[in-house]
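Report on the structure given below.
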Amino acid sequence: MSQNCNRNPVAIVTLFNYCQDHAGRSRYLTGFSTQGHHIRNAHVKFSTTLRRTGVAALAIASLAGFTGQAHAQVDVPLVESGSSLLYPLFNLWVAGYTADHPSADITTTSTGSGAGIAQSIKGLINIGASDAYLSDTVVKKNPTMLSIPLAISSQAINYNLPGITNLKLSGPILAGIYEGKITQWNDPAIAAANPGVNLPGHVIIPVHRLDGSGDTFIFTQYLSASDAGWGSTIKFGTAVSWPAVSGGIGANGNSGMVTAAAANPYSIAYIGVSFADQAAKAGLGAAELKNKAGNYVLPTEDTISEAASSVANSTPADERVSIVYSAGANAYPIVIYEYAIVNSSQKAPAVAEAIRTFLSWAITEGNDQSYLKQVHFLPLPATVQALSAAQINKIQ
Amino acid sequence: MTIRPFRLSVLTLSLFIPAALCAVVLFLVIYSGQAILFNGLHFITDINWNLGDLYDDPVTVNGISVPSGANYGIWVFIAGTLASSTIAILIAVPLSVGAAIFLAEAVSPKIRPILSLLVELIAVIPSVVFGLWGIAVLVPFISHYLSPTGNGYGLLAASIVLALMITPIIASTLLDALMQVPRENRESAFALGATHFEVVAKAMMPMVRTTLVGGIVLALGRALGETMAVLMVSGGGINILPDSLFSPISTIASFVVSQLDSAQADPTNMSVRALSEVALVLFVITLAVNAAAKLLASGALNVRNRK
Numbered sequence: 001m002s003q004n005c006n007r008n009p010v011a012i013v014t015l016f017n018y019c020q021d022h023a024g025r026s027r028y029l030t031g032f033s034t035q036g037h038h039i040r041n042a043h044v045k046f047s048t049t050l051r052r053t054g055v056a057a058l059a060i061a062s063l064a065g066f067t068g069q070a071h072a073q074v075d076v077p078l079v080e081s082g083s084s085l086l087y088p089l090f091n092l093w094v095a096g097y098t099a100d101h102p103s104a105d106i107t108t109t110s111t112g113s114g115a116g117i118a119q120s121i122k123g124l125i126n127i128g129a130s131d132a133y134l135s136d137t138v139v140k141k142n143p144t145m146l147s148i149p150l151a152i153s154s155q156a157i158n159y160n161l162p163g164i165t166n167l168k169l170s171g172p173i174l175a176g177i178y179e180g181k182i183t184q185w186n187d188p189a190i191a192a193a194n195p196g197v198n199l200p201g202h203v204i205i206p207v208h209r210l211d212g213s214g215d216t217f218i219f220t221q222y223l224s225a226s227d228a229g230w231g232s233t234i235k236f237g238t239a240v241s242w243p244a245v246s247g248g249i250g251a252n253g254n255s256g257m258v259t260a261a262a263a264n265p266y267s268i269a270y271i272g273v274s275f276a277d278q279a280a281k282a283g284l285g286a287a288e289l290k291n292k293a294g295n296y297v298l299p300t301e302d303t304i305s306e307a308a309s310s311v312a313n314s315t316p317a318d319e320r321v322s323i324v325y326s327a328g329a330n331a332y333p334i335v336i337y338e339y340a341i342v343n344s345s346q347k348a349p350a351v352a353e354a355i356r357t358f359l360s361w362a363i364t365e366g367n368d369q370s371y372l373k374q375v376h377f378l379p380l381p382a383t384v385q386a387l388s389a390a391q392i393n394k395i396q
Numbered sequence: 001m002t003i004r005p006f007r008l009s010v011l012t013l014s015l016f017i018p019a020a021l022c023a024v025v026l027f028l029v030i031y032s033g034q035a036i037l038f039n040g041l042h043f044i045t046d047i048n049w050n051l052g053d054l055y056d057d058p059v060t061v062n063g064i065s066v067p068s069g070a071n072y073g074i075w076v077f078i079a080g081t082l083a084s085s086t087i088a089i090l091i092a093v094p095l096s097v098g099a100a101i102f103l104a105e106a107v108s109p110k111i112r113p114i115l116s117l118l119v120e121l122i123a124v125i126p127s128v129v130f131g132l133w134g135i136a137v138l139v140p141f142i143s144h145y146l147s148p149t150g151n152g153y154g155l156l157a158a159s160i161v162l163a164l165m166i167t168p169i170i171a172s173t174l175l176d177a178l179m180q181v182p183r184e185n186r187e188s189a190f191a192l193g194a195t196h197f198e199v200v201a202k203a204m205m206p207m208v209r210t211t212l213v214g215g216i217v218l219a220l221g222r223a224l225g226e227t228m229a230v231l232m233v234s235g236g237g238i239n240i241l242p243d244s245l246f247s248p249i250s251t252i253a254s255f256v257v258s259q260l261d262s263a264q265a266d267p268t269n270m271s272v273r274a275l276s277e278v279a280l281v282l283f284v285i286t287l288a289v290n291a292a293a294k295l296l297a298s299g300a301l302n303v304r305n306r307k
């Protein structure tokens with residue numbers, strides 16, 4: 001017994017919680033009443049501190065209220081939420097925008113594209129950020145919701161193959177790997193695309209995203225567009241029903257994809273270009289992908305902008321279009337518009353004006369290389385920028 | 001009848017806890033109602049999970065609007081949850097029984113509080129820290145030295161991380177019970193000529209068996225519901241049942257987290273309802289585990305109560 005009472009109070013509190021959670025075992029801990037005494041003493045002290053803190057908080061609050069009145073000219077507060085891929089860019093934008101517009105009050109959060117779309121439709125937030133445009137069904141149900149491209153992003157197919165740096169892959173090969181039909185690196189289909197490369201006879205470990213992701217969306221769009229089998233069965237989405245591949249693994253977030261691919265030799269993964277530096281540092285190679293014209297291209301600034309400009313003229317007025325697997329001799333096949341999901345009929349004209357001003361800034365000054373370069377995004381082509389501007393003007 | 005302000009206010013406060021529990025359960029049942037109707041019993045026996053094509057027009061099945069191609073089956077995740085928790089318990093029980101006996105019997109009373117505090121400190125480490133350790137140390141280790149395919153993520157990694165998280169729970173409850181064994185029992189056993197091992201194994205352990213079982217069930221409850229650490233190292237298996245220690249798995253809790261964002265983009269809302277039904281299944285499993293704990297601890301199997 002005596003040893004039991006000497007035990008550290010912190011440990012006793014922990015134990016106390018366990019026993020309260022699962023009543024019925026407390027009778028085995030008969031030293032309880034004395035220990036409870038310590039807890040009660042501690043509580044008296046705690047409440048005194050609490051009261052003092054409360055007074056201090058009140059004082060601070062009243063002070064803040066007083067100074068608040070001095071700055072009467074504050075803009076309507078805006079809330080942006082959604083895509084974790086767009087989040088770093090929005091943070092750069094808000095910092096730059098606030099420097100030009102000191103009265104602006106914009107909060108950014110990273111919750112995921114699905115949450116951004118859902119909350120924007122419900123009117124909980126002003127701007128939803130999404131890697132995917134709204135589906136026809138959603139637009140039919142909510143005709144006032146707009147999908148406005150703000151910038152262009154892309155994705156690399158990375159591989160962990162010791163000694164190989166010049167791998168070429170195509171949509172059908174990738175579909176075969178992720179369906180479990182191509183299981184060895186020296187499969188005839190991969191060998192045919194890579195003449196002269198000494199491919200290892202090792203099992204392929206395909207890595208996919210566990211969480212809902214815009215990267216999964218564009219990767220599966222590329223597979224759907226380039227491989228008829230994938231396009232008719234698994235299709236595309238921010239999370240798809242991955243076929244059962246023995247040994248295939250799921251990773252959480254783009255950083256998780258980099259870690260998983262680096263930790264597992266002979267793996268293959270799709271990783272957003274914002275993480276290109278981390279992927280290269282982890283020793284992962286980027287594959288040359290077969291585009292619609294039949295050429296193998298790497299994701300570079302030139303090939304991505306060629307892809308963007310090749311679809312610029314065919315982008316419809318509501319801008320809900322896939323720009324994956326576009327025509328163009330050197331167009332990189334996995335390219336995507338990053339969207340703001342906004343309701344065109346806002347509750348108050350002042351809110352609508354604040355959203356318009358910010359989004360117009362984002363697609364003009366915000367498309368400057370000084371912002372985009374930091375996250376490896378590319379600016380919108382001029383025609384698409386004009387379409388986005390026209391959509392932004394609809395917000396009332 | 002007199003009004004008793006103290007009793008009334010405390011009663012009101014105490015009613016909040018059961019009310020919150022009922023509200024959560026009611027919400028889950030009502031919200032997942034349509035999914036339960038749509039899925040039927042296939043929900044827990046099917047191994048194919050597919051949110052369907054969220055970008056195509058929804059179809060109507062039995063008057064319920066669902067995304068085309070949607071099919072919700074969670075047997076893979078139930079299997080993953082039960083397998084990882086069971087293996088974690090198998091690893092954690094010998095470790096924690098050994099640790100508790102060592103602390104109760106082999107350590108001098110001066111150092112004991114320090115060492116037992118260290119054991120209890122492991123219990124308060126946030127689960128994401130275990131997950132990071134799993135990714136940085138455990139997964140590469142399994143990948144290089146154990147796994148035949150070179151894949152470190154999976155059932156074994158998840159089980160080891162879970163085992164580390166629950167060891168202090170079992171160890172600290174058991175240590176406490178061992179300290180409560182009456183000195184007379186211990187000394188009588190020594191006086192009868194028992195060795196130290198026999199004293200622990202035959203005189204002390206039978207007295208604390210109920211506490212040990214209660215601690216294990218308590219730990220199992222934690223293991224079943226653990227989300228973040230498992231999500232980080234489990235490999236996120238989907239549509240495939242684990243066939244070895246190195247197979248990627250998903251547990252129910254981690255699966256709900258990983259699918260929720262995509263489900264929210266579903267215009268029919270059926271995906272979120274199906275995920276609520278998944279959460280309901282997890283709730284039923286943990287409820288069963290806790291009920292078992294209550295039953296065991298209430299003395300149904302208590303050796304000491306036998307006359």
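Top to bottom, those sequences are chains F and Z.
Residue numbers for the first sequence follow this note's numbering, so the first one is 1 and each next one is one higher.
Residue numbers for the second sequence follow this note's numbering, so the first one is 1 and each next one is one higher.
Just so it is clear, CB atoms sit at the ideal spot from N, CA and C, and this is done for glycine as well.
This one's a predicted model, so the numbers in the text were calculated from it and none came from an experiment.
Measure the C-alpha to C-alpha separation of residue i and residue j and round it to an integer number of angstroms.
| i | j | result |
| --- | --- | --- |
| Z/L13 | Z/L175 | 34 Å |
| F/A276 | Z/A92 | 40 Å |
| F/Q185 | F/A261 | Just to set this straight, residue 185 of chain F is Trp in the shown sequence, not Gln. Distance between the alpha carbons of F/W185 and F/A261: 15 Å. |
| F/F165 | F/D187 | Rather than Phe, the amino acid found at residue 165 of chain F in this sequence is Thr. Straight-line Cα distance between these residues: approximately 18 Å. |
| F/L223 | F/G171 | 5 Å |
| Z/L287 | Z/L192 | 45 Å |
| Z/L146 | Z/A23 | 46 Å |
| F/A191 | F/Y296 | 15 Å |
| Z/A19 | Z/L11 | 12 Å |
| F/A175 | F/I249 | 16 Å |
| Z/V59 | F/T137 | 11 Å |
| F/G128 | Z/M165 | 37 Å |
| F/V76 | Z/I238 | 45 Å |
| F/T107 | F/S360 | 17 Å |
| F/L86 | F/G116 | 11 Å |
| F/F32 | Z/Q180 | Only weak support is given to the placement of F/F32: the predicted model assigns it a pLDDT of 38, under 50, and the value that follows is read from those uncertain coordinates. Their Cα atoms are separated by approximately 12 Å. |
| Z/L8 | Z/L155 | 51 Å |
Could you work out which residues of chain Z lie near residue i, taking near to mean beta carbons separated by less than 7 Å?
| i | result |
| --- | --- |
| F/K181 | By Cβ distance, chain Z contributes nothing, its closest Cβ being about 15 Å from F/K181, past 7 Å. |
| F/K141 | P267 |
So, residue i versus residue j, is the Cβ gap smaller than 7 Å?
| i | j | result |
| --- | --- | --- |
| Z/T227 | Z/S258 | no |
| Z/S247 | Z/F77 | no |
| F/I392 | F/A352 | no |
| F/V258 | F/A282 | yes |
| Z/I252 | Z/V278 | yes |
| Z/M232 | Z/I160 | no |
| F/I339 | F/P149 | Checking the sequence shown, residue 339 of chain F turns out to be Tyr, not Ile. Yes, the pair counts as a contact, with Cβ atoms nearer than the cut-off. |
| F/P206 | F/I177 | yes |
| F/I363 | F/S388 | yes |
Report the neighbours of residue i on chain F: residues whose CB is nearer than 8 Å to its CB, in chain order.
| i | result |
| --- | --- |
| Z/D57 | D136, T137 |
| Z/T149 | V203, I205, G247 |
| Z/G152 | A263, N264 |
| Z/N48 | S241 |
At a CB-CB cut-off below 8 Å, which residues of chain B make contact with residue i?
| i | result |
| --- | --- |
| Z/L51 | Absence of chain B from the displayed structure is noted, the protein chains being F and Z. |
Who does residue i pair with in a DSSP beta bridge?
| i | result |
| --- | --- |
| F/M145 | F/N343 |
| F/S154 | F/V335 |
| Z/D53 | Z/S68 |
Using the beta-carbon of each residue, which ones in chain Z are nearer than 8 Å to residue i?
| i | result |
| --- | --- |
| F/S113 | D261, A265 |
| F/I117 | Q264, A265 |
Since residue i meets chain F, which of its residues come closer than 7 Å, beta carbon to beta carbon?
| i | result |
| --- | --- |
| Z/G235 | I249, G250 |
Taking C-beta pairs closer than 9 Å, name the residues in chain Z that residue i reaches, listed in chain order.
| i | result |
| --- | --- |
| F/T259 | I135, A136, V139 |
In chain F, what lies closer than 9 Å to residue i by C-beta?
| i | result |
| --- | --- |
| Z/L155 | Near Z/L155 there are no residues of chain F at all, since even the closest Cβ is about 12 Å away, more than 9 Å. |
Three or more C-beta pairs below 8 Å linking the stretch 110 to 120 of chain F and the stretch 161 to 180 of chain F
no
At least three beta-carbon pairs within less than 8 Å, the stretch 310 to 330 of chain F to the stretch 132 to 150 of chain F
yes
Any contact between the stretch 79 to 89 of chain Z and the stretch 155 to 171 of chain Z? By contact I mean 3 or more CB pairs, one from each, below 8 Å.
yes
Under 8 Å: do the stretch 67 to 74 of chain Z and the stretch 265 to 274 of chain Z share three or more Cβ pairs, one atom per stretch?
yes
Would you be able to state if there are at least three C-beta pairs under 8 Å between the stretch 195 to 212 of chain Z and the stretch 94 to 105 of chain Z?
yes
Is the stretch 84 to 102 of chain F close to the stretch 303 to 317 of chain F, with three or more CB pairs under 8 Å?
no
Three or more C-beta pairs below 8 Å linking the stretch 210 to 225 of chain Z and the stretch 49 to 65 of chain Z:
no
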